[in-house]
Amino acid sequence: MNASNGALPPLALRAWTVTTAAGAGRQALLDHLRDGRSALAPCDFLDVELDTWIGRVPGIETVRLPAGLSDYDCRNNRLAELALQQDGFPEAVAAAIRRHGAGRIGVVIGTSTSGILHTELAFRERDSDTGALPTPLHYATTHELSSAPRYLRDRLGLGGPMYAISTACSSSGKVFASAQRLIAAGLCDAVVVGGVDSLCLTTLYGFASLELTSPGPCRPGDVERDGISIGEGAGFALVEAVHGDEHDAFIRVMGVGESVDAHHMSSPHPEGAGAELAMRRALAAGDVTADSVDYVNLHGTASRVNDAAEDRALTAVFGPGQACSSTKGLTGHTLGAAGITGLAVGVLAIEHDFLPGTLNTRQLDPAFRADQLLENRPAPVRRVLANSFGFGGNNCSLLFGRAEDES
Amino acid sequence: MKLSIRGVGFVGAGLSDWLEARAALSDGQPPGHVPLEELGRALKADRLPRTERRRAGKSTRLAMTACWQAVEDAGVDPATLPMIFASSTGDTEVLTHSCAALAEPERAISPIRFHNSVHNAPSGYWSIAVGSREPATAIAAHGETAAVGLLEAAMQAVLEHRPVLYVVHDLPFPEPLCQVEPIPEAMAIALVLAPGGASSDDRLELVHTSNCEYCDNTMDEAGWEHLRASVPAARLLPLLDAMARGESRSLFLGLDSAAGLALTYKPGESTHA
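Going down the list, the sequences are from chains A and B.
If you count by this note's numbering, then the first sequence holds residues 55 to 461, one letter each, in order.
If you count by this note's numbering, then the second sequence holds residues 12 to 284, one letter each, in order.
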């Protein structure tokens, strides 16, 4: 199933972890998914006074970075460190270093705002006479967009190519395409990919200025949906080429579909033209037909236009009745970490044989034609498509699934 | 990875296009200087529709000015090209103004400033202007930005057997962030890169290696060397210098790890005597 149409080769998922408002690690997200329990709460972030709910990761504030890496200290890298400690991820990377050598392992991480909060707070402390910032600001290791992948490279001792992808909310979907390329081009044997995005004033007040934040917990696909709930999150995956001897890895990332809308900077194409193209490209890259996809994890932010456009795109690709849901009502919209969060939900669905429902949604928009689940549904899941769409009309669809028996 | 360079665009250091830059580099002239606040007037060639031009930040207009030159030089339909946009700084004015506004009691951040703050704003505006639905990425890696952006562009061209548009662009920060991240000059460099290439093409070979002993990567002229060392996008200047002079050259774009990208440039046989 690989490369027969010139597509990039599939990736074996050797290790992965995720941390969201549900808590640190995979089990916390699985428990919330199974219980149908939202992790959203009224906004209590710093001194922010906005009438909205957020998905805040518990415990970031008390995380301490390892000695020697204090220049990286900011909320975003504390979240990265908290996420990194879960599910045996550092041990899996250490094993990969023994297999391949540190220089053969790259790191590509998606983020939308990186450690900008660090700079936002520094601006509050400016000297009233000179306007100077208060303390030495470690710009490259906190605010700059590659702060998180640079932190991971130093923290994990990796020596391969390192970069951030920052295409707003599609960022941590697209990192998988870069990993495919780094491996296919022969530069890497393994790549640490993922996304890290943490709460900051820019996104909270920015989305509020666009009147895109809901005053309550977001309700994706609801006929009365009224905006998003901003969340934060981090997730990492260790991916390698498929050799057939990965006894610890039975999930394959089969294809990544990328597109842009060429329509508007902050609104999706009304018919979901770019989203449709991303999904079709993911299916083509994985060389599978639409009817073999068991579940679609929607971008599903609960903004009025996004959800409507995504339903149209989904129907164009799959026909009416495709099983799908949005899990933003559980985690909130984790922005630059949305792609890896969608992958995490989908892998849990595959591992535990259930399709997760959409939380907080009471009455589905009657115009929608997909089968958007409101409750969990037990069913075998072999293949999943996860969507992440962002500002600038930037779209990414990830196709992944259980390894075929013959591979 | 073997590539051909089909088109080039340049803006920055007081030079408005690649023709001016080529002349300055090959004649050994020092770079000029345009302060950030005067940069808007120098970016007449972004060709955005009037509404978008009012909305777009300088980062977008800087990148687009170089992109138009490169696609016209290549003679390709820009709507067919995957887009690899790389920048360390992003839109420094938007980021600085947002951080300043968010430190005030009103915390007033405008919708346009917010959507202009995303790192993929330039590729978003560009895709709208040229009507492209091809994949677009936006990359950052501080001092390694130009190298890994070029790497991603090369991989996309070679693995997917098609030409791509690569642009790397940076802006100086206004006060007070310029104190912690001093970037002396705005610059954008755009290349249309195609896989393979005949001897008549400008060719570029790219190898990821830790062996860089034989590679020189500095600029002879002190002013250009200062820009190369201090503007992330300007790390590509030695390649442009070789292209301007029509000279074969081996270059090394260092990464902060032990390795880097070794570049071998050979000018096309028909274009330079």
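Just so it is clear, CB atoms sit at the ideal spot from N, CA and C, and this is done for glycine as well.
| query | result |
| --- | --- |
| Neighbourhood of L36/B by C-beta distance below 6 Å, restricted to the same chain and skipping five residues each side | D252, A255 |
| Buried or exposed by the 16-neighbour rule on C-beta atoms within 10 Å, applied to S461/A | Only weak support exists for where S461/A lies, its pLDDT of 41 falling under 50; the value from the coordinates is given anyway. When all chains shown are included, S461/A counts as exposed. |
| Residue-chain proximity (F290/A, chain B), Cβ-Cβ < 8 Å | no |
| Closest Cα partner of R279/A within the set H387/A, R178/A, A356/A | A356/A |
| Buried or exposed (CB count within 10 angstroms, at least 16 for buried), D183/A | exposed |
| Bridge partner(s) assigned by DSSP for E294/A | A66/A, A244/A |
| F143/A - DSSP class collapsed to helix/strand/coil | helix |
| The region 114 to 122 of chain B in contact with the region 193 to 205 of chain B per 3-pair CB rule at 8 Å | no |
| CB contact check: L187/A to chain B, cutoff 8 Å | yes |
| Contained beta strand (DSSP E) runs [length at least 3] in the region 163 to 194 of chain B, N- to C-terminal order | 175 to 181 |
| Distance CB(N351/A)-CB(V438/A) smaller than 8 Å | yes |
| Short-range partners of chain B found in the region 140 to 174 of chain A, where Cβ spacing is below 7 Å | G157, S166, T173, E174 |
| C-beta contact flag for I114/A and C97/A at 8 Å | no |
| Rounded distance between the beta-carbons of S109/B and S134/B, thought under 8 Å | Actually they do not touch by this definition, with Cβ atoms about 20 Å apart. |
| Buried versus exposed, by CB contacts within 10 Å (16 or more), H126/B | buried |
| Short CB-CB distance (under 8 Å) between F33/A and chain B | Given a span of 55 to 461 for chain A in the structure shown, any question on residue 33/A remains unanswerable. |
| Neighbour flag for H387/A against chain B, beta carbons, 8 Å | no |
| Cβ-Cβ separation, A137/A to A288/A (assumed contact under 8 Å), whole Å | 4 Å |
| Residues near G285/A by beta carbon distance below 7 Å, same chain, minus five either side | T74, A75, I108, G109, T385, G386, H387, T388 |
| Given 8 Å, three or more beta-carbon pairs between the region 156 to 169 of chain B and the region 189 to 197 of chain B | no |
| Interface partners of S451/A on chain B, CB under 7 Å | Within chain B, no residue comes near S451/A; the closest Cβ sits about 11 Å away, beyond 7 Å. |
| Alpha-carbon to alpha-carbon, A367/A and L9/B | Absent from the model: residue 9/B. The displayed extent of chain B is 12 to 284, so no value can be given. |
| Paired residues, beta bridge with V72/A - DSSP | G289/A |
| Proximal chain A residues relative to G142/B, where beta-carbon distance stays under 9 Å | A316 |
| 7 Å CB neighbourhood of S224/A in its chain, flanking five on each side removed | G393, S442, F443, G444, N448, N449, C450 |
| Chain A contacts from the region 160 to 175 of chain B (Cβ-Cβ distance under 9 Å) | G160, L162, E163, A165, M166, Q167, V169, L170, E171, H172 |
| The region 200 to 207 of chain A touching the region 205 to 214 of chain B, judged by at least three CB pairs closer than 8 Å | no |
| Cβ pair E179/A, C254/A closer than 8 Å | no |
| Under 8 Å between C-beta atoms of A146/A and R306/A | no |
| Own chain residues within Cβ distance below 6 Å of S221/B, not counting five before or after | A269, A270 |
| Reduced DSSP category for C450/A - H, G, I as helix; E, B as strand; rest coil | strand |
| Contact with chain B by T355/A, beta-carbon distance below 8 Å | no |
| Alpha-carbon to alpha-carbon, G142/B and A168/B | 20 Å |
| CA nearest to the CA of S342/A, picked from A327/A, R358/A, M308/A, M319/A | Per the sequence shown, the amino acid found at residue 342/A is Val instead of Ser. Measuring from the Cα of V342/A, the nearest candidate turns out to be M308/A. |
| Same chain only: Cβ atoms within 8 Å of D84/B, ignoring 5 sequence neighbours per side | R17, G18, V19, G20, W29, V203 |
| Chain A contacts from the region 176 to 196 of chain B (Cβ-Cβ distance under 8 Å) | E186, P187, L188, Q190, V191, E192 |
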